[in-house]
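Trainee:
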Amino acid sequence: MALSAYELLFRSLPQLGEGLWATLRISLLTIVFSVAGGIGFGLLRTSRLLLPRLLSRVILELVRSVPILVWLFFFFFGLPILFDIHLPAFASALLVLSLWGMTEIGEIVRGALQSLPKGQTEAAKSLGLSGRQLLVYVLVPQAVRRMAPPAINVFTRIVMTSSLTVLVGVPELIKSGQQIIERHYTLSYASVVIYGLMALLYFALCYPLSVFSRRLEKRWAG
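The numbering used here runs 2 ahead of the 1-based position in the sequence shown.
(1) Taking contact to mean at least 3 C-beta pairs separated by less than 8 Å, is the segment 114–133 in contact with the segment 53–63?
(2) Does the segment 196–208 come into contact with the segment 130–146, if we say contact requires no fewer than three beta-carbon pairs (one atom in each stretch) closer than 8 Å?
(3) Taking the alpha carbon of R27 as the reference point, which residue from S164, T123 and Y209 has its own alpha carbon closest?
(4) Give the DSSP-derived three-state secondary structure of Y187 in the structure shown.
(5) How big is the Cα-Cα spacing for S178 and R59?
(6) So, do the segment 183–194 and the segment 27–37 have three or more beta carbon pairs nearer to each other than 8 Å?
(7) Evaluate contact between the segment 67–83 and the segment 106–114, counting only Cβ atoms and requiring at least three cross-stretch pairs below 8 Å.
(8) Taking the CB atoms as reference points, tell me whether V156 and L207 lie closer together than 7 Å.
(9) Within 10 angstroms of the Cβ of P69, are there 16 or more other Cβ atoms? Answer buried if so, exposed if not.
(10) Could you tell me the boundaries of the alpha helix (DSSP H) in which I41 lies?
(11) Just to confirm the assignment, what range does the alpha helix (DSSP H) spanning S164 have?
(12) Just to check my reading of the structure: G44 and G103 have Cβ atoms closer than 8 Å, yes? What is that Cβ distance to the nearest angstrom?
(13) Assign P227 to one of two classes, buried (16 or more other C-beta atoms within 10 Å of its C-beta) or exposed (fewer than that).
(14) Using DSSP with H/G/I as helix, E/B as strand and the rest coil, what is R146?
(15) So, helix, strand or coil for S178, using DSSP?
(16) Please report the straight-line C-alpha distance between T123 and L141, rounded to a whole angstrom.
(17) Figure out for me which residue from L101, F92, L18 and L96 has the closest Cα to the Cα of G42.
(18) Can you find the residues in the same chain that come closer than 8 Å, C-beta to C-beta, to T188, ignoring five residues on each side of it along the sequence?
(19) In this structure, how does DSSP classify A4 when only helix, strand and coil are distinguished?
(20) Mark R47 as exposed unless 16 or more other C-beta atoms lie within 10 angstroms of its C-beta, in which case mark it buried.
(21) Look at T25 and L169 and say whether their C-beta atoms are less than 7 Å apart.
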């Protein structure tokens, strides 16, 4: 006896829940590494030293000029062939997404720091503040207001981009949904039900972040 759409939905929830947890896990870890690396990357981009600026520029162009999917395939399939380095699918995906997120957050940090009035830096130096004190007490508190809304938008894109990791075998939400559809291929409505539910789950993850970002922009704009 064929399953009804509701029965299929009910039976699929546990596996979709496991896939959702994998999506959350890789997204949260990517966000953490992206923020930590992005702050350092943004500081390199604004460094007065030529070498750090050039190095960060090269990394930025390499990451941005090549599609994320190509990098995923390179780290998962290319490294074992070229260098005999075997990374698990999850580690490869996390590394690629974190590099991409780091450059995105780094550019936000760079833009926020460079948008601050130069007079504040000069005034802080005239008071005898060190470079670290200038960053911690003067520049960063002001830059955070400018960084937060676009950074949250990057977090939303990280969640959505995590769906690409299905192509290297990470058992995230899309992978779980595909396995369910393949198992119930005789049901004509299976793909509609499962993909519809996955769309709702992604919406539930991303929409609150978008709302939070807009509220921050309105609050700090005033």
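Think of the CB as a built atom: it goes at the ideal place given N, C-alpha and C, for glycine as much as any other residue.
Mentor: Reading off the structure:
(1) no
(2) no
(3) When the alpha-carbon of R27 is set against those of S164, T123 and Y209, the nearest one is in S164.
(4) coil
(5) One C-alpha to the other measures close to 38 Å.
(6) no
(7) no
(8) The beta carbons of V156 and L207 sit no closer together than 7 Å.
(9) exposed
(10) A7 to R47
(11) From DSSP, S164 is part of no alpha helix (DSSP H); its letter is neither H nor E.
(12) The Cβ separation is near 12 Å, so there is no contact.
(13) A query on residue 227 cannot be resolved here, the shown segment of the chain reaching from 3 to 224 and no further.
(14) Looking at the sequence itself, residue 146 is Val, so the reference to Arg does not match. Note: V146 maps to helix in three-state DSSP.
(15) In the structure shown, S178 sits in a helix (DSSP, three-state: H, G or I).
(16) 8 Å
(17) It is L101.
(18) A4
(19) coil
(20) The residue is buried, with at least 16 neighbouring Cβ atoms inside 10 Å.
(21) Taking a C-beta distance under 7 Å as the contact criterion, T25 and L169 do not qualify as a contact pair.
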